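Right, one structure below, let's go through it.
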Amino acid sequence: MRLLVNTLSIGSMSGNHVVYGFLRPYALQTLPDHELVVLHYDDNPPPQELIQLGTQCIAISTRYRHWAKRAWWEATCLPRVIRDDGADLMLNVSGALAPRCPVPQVVLCQNPWCYRPIVHRSFSERFKARMQRIGYGQAFSQAALMIYISGHLRELYRNGNPGREEAASEIAYVGLNDATYRAAEQFKDLERDPFSILSVSAMASWKGAHTLVDAVGLLRKRDVPATLRLVGPWPDANYERQIREQVRSKRLDDAVEILGRVSDEELHRQYAINKVFALMSHCESYGIPSAEAMAFGTPVVSTDCCAISEICGPAGLFGPVEDPSWTADALESLLDDQTRWKQLSEKARERASGLTWGNCVQPLLSLPNLI
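When you read off a place in the sequence shown, starting at 1, and then add 24, the result is the number in the numbering used here.
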């Protein structure tokens, strides 16, 4: 079986983590009995490890990177590429089907964005979300197989497509890299800052940094000396300014540290030295940083409206979005109660231990059976 993987929709580090995280163990367990071809932009080739295993590549120009241009290329050029390549099956990682595709398609679903109106900030984003919902709906009923990275995401597709006949589907959780497990072992004896809270994400407005700042303000009023570290880029400069002004107006300059992007080594150290991981997000299809935090034995506080509660389960506390009071209570219960913290820390390490790529890739190993 010759599998063509269309990676053109990848637009972030997390997308690379997910797709190539699955493809490494897939290649190890299926090559050379089957063939693997990756369609990619010329500036985002597969990891060299995949190529050394025998993965073949088809590169196209980055001028098609914009989603509308990519959609045009996939509709007009991709069918010929598939026929010329001799592929038997295509794995599309965009959550949707490629039009006019001459072979069966498996769809990897990663993105909940179009089903969460609260994150659509402009007319162009609302239009893009509408187009995605149409494409996702077609895939939901017509794909040879749908692979969702969480049950939460599958429910969003189901709720967004009432009355449609549902294609066969599988859940494939996102794995943790070996480097994460190694760092967790390396840093396991680091002393934790006793009242520290870590939040890691691309800090968009729907990720809830403002809720965490409000919660820290409440904790300080209760004489809990909580501190908050925000790690990750700020895609919206206006939101970053809003958070900085919020910190100043609440006189929390000594309590909130905005670190921005950090190295992998520093990120791992932050997971190890902070007492609690928190992300009060409206919208997560998985929550990779929360899973990584668990590998370091760091309990999680998050919302119950996204996938983090599913992924972290007994390793955390999960409640309403946009609720600083509940958030402060949950954080205080872990910062102040060492017995409870130890219980959730142990659950976190246990939960993370099962998220190896070798375990998570299993649903993809059945793809040759579709042909």
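Note that the Cβ used here is the ideal one computed from N, Cα and C, for glycine as well. A quick note: this is a predicted structure, and the numbers were derived from the prediction, not measured.
Inter-residue spacing [alpha-carbon to alpha-carbon] between residue i and residue j
{"i": "A167", "j": "W381", "result": "24 Å"}
{"i": "R275", "j": "V237", "result": "11 Å"}
{"i": "P249", "j": "F219", "result": "6 Å"}
{"i": "A191", "j": "M170", "result": "7 Å"}
{"i": "L303", "j": "P186", "result": "30 Å"}
{"i": "V29", "j": "A331", "result": "25 Å"}
{"i": "Y263", "j": "E179", "result": "30 Å"}
{"i": "L214", "j": "Y295", "result": "10 Å"}
{"i": "R154", "j": "Y181", "result": "13 Å"}
{"i": "E59", "j": "W91", "result": "28 Å"}
{"i": "C81", "j": "C138", "result": "30 Å"}
{"i": "A51", "j": "W230", "result": "36 Å"}
{"i": "D361", "j": "K299", "result": "11 Å"}
{"i": "I297", "j": "F164", "result": "42 Å"}
{"i": "P338", "j": "V61", "result": "39 Å"}
{"i": "V271", "j": "D277", "result": "6 Å"}
{"i": "S377", "j": "C101", "result": "43 Å"}
{"i": "G175", "j": "I195", "result": "6 Å"}
{"i": "G78", "j": "M114", "result": "18 Å"}
Buried/exposed call for residue i, threshold 16 Cβ in 10 Å
{"i": "D66", "result": "exposed"}
{"i": "I395", "result": "exposed"}
{"i": "L200", "result": "buried"}
{"i": "Q129", "result": "buried"}
{"i": "Q386", "result": "exposed"}
{"i": "I142", "result": "exposed"}
{"i": "R104", "result": "exposed"}
{"i": "S146", "result": "exposed"}
{"i": "K366", "result": "exposed"}
{"i": "E308", "result": "buried"}
{"i": "I158", "result": "exposed"}
{"i": "Q72", "result": "exposed"}
Beta carbon of residue i nearer than 7 Å to that of residue j
{"i": "A352", "j": "A279", "result": "no"}
{"i": "A319", "j": "A208", "result": "yes"}
Residue i versus the options, residue with shortest Cα-Cα distance
{"i": "V127", "options": "S377, G110, R375, L358", "result": "G110"}
{"i": "G35", "options": "S146, A261, E316, R89", "result": "R89"}
{"i": "I84", "options": "R244, L63, N135, S148", "result": "L63"}
{"i": "N40", "options": "V198, L341, N298, A261", "result": "V198"}
{"i": "K347", "options": "L242, S223, R216", "result": "It is Asp, not Lys, that sits at residue 347 in the sequence shown. Ranking L242, S223, R216 by Cα distance to D347 puts L242 first."}
{"i": "G232", "options": "V255, F211, Q210", "result": "V255"}
{"i": "T204", "options": "R293, R246, V224, R364", "result": "R293"}
heavy atom of the ligand PLP below 6 Å from residue i C-beta
{"i": "R104", "result": "Of ligands this structure carries none, so the ligand PLP is not represented either."}
Within the stretch 72-107, note down every full beta strand (DSSP E) run reaching 3 residues or more, in order along the chain.
80-84
Starting from the N-terminal side, write out each stretch of the alpha helix (DSSP H) that is 4 residues or longer and does not extend beyond the stretch 197-281.
202-210, 233-245, 261-273
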